[in-house]
Each structure stands twice: as C-alpha cells, then as structure tokens.
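In my numbering, the protein residues as written are 189 to 367. Idealized CB from N, CA, C, for every residue including glycine. All values derive from a computational prediction rather than experimental measurement. Before any comments, here is the structure.
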Amino acid sequence: STEPMAAARLSDAELDRLAAAFTISEDWYRSPEGWMEKPDFKRKEQAQGFDGKVGGGLLAKFKKKTYQWRWWVLEDASDQRLSTDLCLRYYRDQNSPEESGHIEMRHVTSCTISSVADAPLFALDLNTAERRYTVASDTQEEMVKWAALFKQIAAGKYKPDDGEERHEGEVHKGEEFTV
C-alpha cells in the first residue's frame, strides 16, 4: 500500500515569488483580518531574533505543544499608546472585546516560512531583532495572502488608502498553488 505524499513546506524563494504575484482584494487590503493560529507559548526558535541574538523571556517546558486559533486584525494604532502606526492585534474570537496580544509591525523586518520545528505546514515567521512571531493559516492561499501583506509592511510599502485598484483573485496568470 502506498501512502499519499505529504504536502511540503514552501521555500522562502517560492513564498517570495507567490507573494509578489498575489492579488489582494481591495476591501481586505484596507482592513486585513482573519483567522490564524499562534503558538500557545514561545518556542526556543522564537526567543532568538532574526539577527541571531537570543532575546529574553521564559520558555515553557510542556510535553504537549499546541497552536491556538485567534482572530487577527491589522489596525492603525497611531491613536493608541504604542510607538507604531500599525499593530497586528489578536483576539480569542471575532466577538472578544479585549485583545489577547499584539505585534507592533514597525519592529518586523521580514516575513519568512517558519523555522519553528513544530510549526503547522502553512506557518510564517514575522522576524524582529529580538524574536520571531509565528502565525499559521489553514491553507497555502491564506498564508500567501498574509505573507504578501507582511512583506509590504516590512518593506515600508503598505498604503491601505493609496486608491490602487486590487482585484479579487488568487494569483496572477501563470502562477499556481501547488501543495
């Protein structure tokens, strides 16, 4: 008997190619939100910054390592007490009145395929000098959509009100999602 071949993780180069070709709907681009998973605690790989320096923080030592679904919203935080214009907030669910946590996007220098050993298949790392934040989608298409957004933010090119027309779609002609 032959077992079905498991889906393979994309390389960073493949992610870059797909993210560059991905077309994001205008409505979602202006108000990004959706379900993604996050680890229930910081992994060893996440405590180390993208530049190789080890950051502070406690590392939990549990036998069962899990990821939890959270509702994520990218918001303009310039009116908050944060020192950034964009903040990726997460909530227990869509109706939660209080955030469970956030990532100040000005610290994110890059977005790569996750290097965390137990990360789900469609996981990304948002890399800062101090640590890596891991988030995961349930499909490759959703992962690439978020990656395209995060890469624009890290490059300083995200402008939600630039008026540029974006058409609903999965990928530009000639590109395919293969798993």
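Run of the alpha helix (DSSP H) containing residue i, from where it starts to where it stops
| i | result |
| --- | --- |
| Arg197 | Counting along the chain, Arg197 falls outside any alpha helix (DSSP H), and DSSP gives it neither H nor E. |
| Met331 | 328-342 |
| Glu214 | 214-218 |
C-alpha gap between residue i and residue j, whole angstroms
| i | j | result |
| --- | --- | --- |
| Ser284 | Tyr321 | 22 Å |
| Arg294 | Ala209 | 24 Å |
| Asp326 | Ile341 | 22 Å |
| Asp200 | Lys347 | 24 Å |
| Lys345 | Ser219 | 16 Å |
| Ala343 | Trp334 | 14 Å |
| Tyr255 | Asp273 | 28 Å |
| Ala376 | Tyr217 | Since the displayed the chain opens at 189 and closes at 367, residue 376 lies outside it and no answer follows. |
| Leu203 | Val296 | 17 Å |
| Arg205 | Val332 | 10 Å |
Counted within 10 angstroms of its Cβ, other Cβ atoms place residue i as buried (16 or more) or exposed
| i | result |
| --- | --- |
| Glu225 | buried |
| Asp215 | exposed |
| Lys251 | Any answer about Lys251 is weak, because its pLDDT of 40 lies below 50 and its placement is not dependable; what the coordinates show is given next. Counting Cβ neighbours within 10 Å, Lys251 comes out exposed, since fewer than 16 surround it. |
| Asp313 | buried |
Same chain, Cβ closer than 7 Å to residue i, neighbours up to 5 away in sequence not counted
| i | result |
| --- | --- |
| Arg197 | Ile301, Leu309 |
| Trp257 | Trp223, Glu225 |
| Ala336 | Ala207, Phe210, Ile212 |
| Gly289 | Tyr278 |
Inter-residue CB distance, residue i and residue j (contact presumed, cutoff 8 Å)
| i | j | result |
| --- | --- | --- |
| Glu292 | Val261 | Not a contact, Cβ separation roughly 14 Å. |
8 Å CB neighbourhood of residue i in its chain, flanking five on each side removed
| i | result |
| --- | --- |
| Trp259 | Glu221, Gly222, Trp223, Tyr278, Tyr279, Arg280, Asp281, Gln282, Ser284 |
| Glu286 | Tyr279 |
Residues of its chain near residue i, where Cβ-Cβ distance is below 6 Å and the 5 sequence neighbours each way are ignored
| i | result |
| --- | --- |
| Lys339 | Ala207, Cys299 |
| Asp228 | Thr254, Gln256 |
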